[in-house]
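Here the structure is laid out as structure tokens; the discussion comes afterwards.
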Amino acid sequence: MMIDSTIHVPKDVTSLTELVSALKAEVSFTVFKNTSKRKLQVLKYKSENIGGDTSKFIETFRKLCRDAEIDDLKEQKEYFVETLPYTLRKKFLDIIDDIESLSDLILRFNKLLIGPALSTNIKNGSVVALKHVSTGKYLSTIENLRYETGSKSQMVYLGGSELDRSSLWIIKFDKDFATTDTYINLQQRFGKFDKFLGMRYYYEYSARKYYYSSPSNHLEVSCNIMKKNYSDNNWRFDFCDLNNQGYLKPNDIITLSTKNEILNDRYEYLRGHDYQVTIGGEIYYEVICHDKVIGANDNV
1 MMIDSTIHVP KDVTSLTELV SALKAEVSFT VFKNTSKRKL QVLKYKSENI
51 GGDTSKFIET FRKLCRDAEI DDLKEQKEYF VETLPYTLRK KFLDIIDDIE
101 SLSDLILRFN KLLIGPALST NIKNGSVVAL KHVSTGKYLS TIENLRYETG
151 SKSQMVYLGG SELDRSSLWI IKFDKDFATT DTYINLQQRF GKFDKFLGMR
201 YYYEYSARKY YYSSPSNHLE VSCNIMKKNY SDNNWRFDFC DLNNQGYLKP
251 NDIITLSTKN EILNDRYEYL RGHDYQVTIG GEIYYEVICH DKVIGANDNV
């Protein structure tokens, strides 16, 4: 057995069991174990249709559990659930209580993958996430994060590249499926109140005006309670891919726009860009509406 010269092994070690105990007592092993835990925390499952490899993912997960000395099944389940995308996670949580071992967990996960395909239709009430194509960041909003200028409403911004609670929305419309002539509403999934994505406005001397954001001075996008605020919350979408099915489905690339009710013949397009807003000492990437030429920054 080859042991690195930097690792101290007591001279009185006389058995393999004692050697293992001595090696585990080394600070380098603690670092190795904690590093494995951190790798486990950021591990994410990707299916083969987006370049992933299920067998390699399972191998990595088992190896990291071993290296981090995570033997407790409950803890293994918790780590595994966090690796899954939202749709799979929801399905897996339905069966998690019946899992009796790590091997059982892997078998049930594999069965879930080869079972009936998950629904590919976006229906009224579906939970969705909008990923900005250019940056890979998700359209996000959280309670109590408010603009410090303009309407001072709940802010909408480009969040992280990993899906979390702040980037989940409930899509609402009045048809079986959403087509390009359908107006949709996007409601914050996790929040205290029913808040919707929109452009807030106000009246000044009977004239309707929109709020503008700082520093870019574009039309402000926010998340508000419909009944308590003046806000345009109806959005329409257009496909960026000509090979679409005619109705909205997962992984479609689209643009979102809302009608400018002051200038009735104009639509304002939702855009994520590189303008930064500092609120409470934290930096956020701004989301705005504009009426200029549509570009890559408008695709979600």
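So for the sequence shown, UniProt numbering puts the first residue at 1; every next one is plus one.
All C-beta atoms, glycine included, are put in the ideal place defined by N, C-alpha and C.
Note that the coordinates shown come from a computational prediction; the quantities given were computed from them, not determined experimentally.
The criterion of a C-beta distance shorter than 9 Å is satisfied by residue 166 and residue 141. Runs of beta strand (DSSP E) with 3 or more residues, each lying fully within the stretch 81-167, are absent. Your pair residue 112 and residue 80 does not check out as a contact, with CB atoms roughly 12 Å apart and the cut at 8 Å.
Within the same chain, 65, 70, 102 and 105 come within 8 Å of residue 76 by CB-CB distance, once the 5 residues on both sides are set aside.
Shown here, residue 266 sits in coil according to DSSP, grouped into three states, outside any helix or strand. In the structure shown, residue 48 adopts helical secondary structure according to DSSP, grouped into three states.
Around the beta carbon of residue 192, fewer than 16 other beta carbons sit within 10 angstroms, so the residue counts as exposed.
For residue 287, the three-state secondary structure derived from DSSP is strand. Here DSSP, grouped into helix, strand and coil, assigns residue 222 to strand.
Residue 201 sits buried, since 16 or more C-beta atoms from the chains shown fall within 10 Å of its C-beta.
Cβ contact annotation for residue 89 (same chain, cutoff 7 Å, sequence separation greater than five): 81, in chain order. CA-to-CA, the gap between residue 33 and residue 59 works out to about 17 Å. The beta-bridge partner set that DSSP reports for residue 271 consists of 288. Between the alpha carbons of residue 52 and residue 44 lies a distance of about 10 Å. For residue 36, the secondary structure class from DSSP, reduced to helix, strand or coil, is helix. Residues of the same chain with a CB within less than 8 Å of the CB of residue 216, apart from the 5 flanking positions on each side, are 273, 275, 286 and 288 in chain order.
Here the alpha carbons of residue 109 and residue 42 stand approximately 19 Å from one another.
The shortest CA-to-CA distance from residue 38 to any of 83, 74 and 56 is the one to 83. Sequence-distant partners of residue 148 (beyond 5 residues in either direction) whose C-beta falls short of 7 Å from its own C-beta, in its chain, are 279.
Taking the Cβ atoms as the reference, residue 185 lies roughly 7 Å from residue 234, within the contact range of under 8 Å.
Residue 159 sits buried, since 16 or more C-beta atoms from the chains shown fall within 10 Å of its C-beta. Judged by DSSP secondary structure, residue 258 falls outside any alpha helix (DSSP H) and instead within the beta strand (DSSP E) spanning 254-259.
Per the coordinates, the alpha-carbon of residue 221 lies some 35 Å from the alpha-carbon of residue 92.
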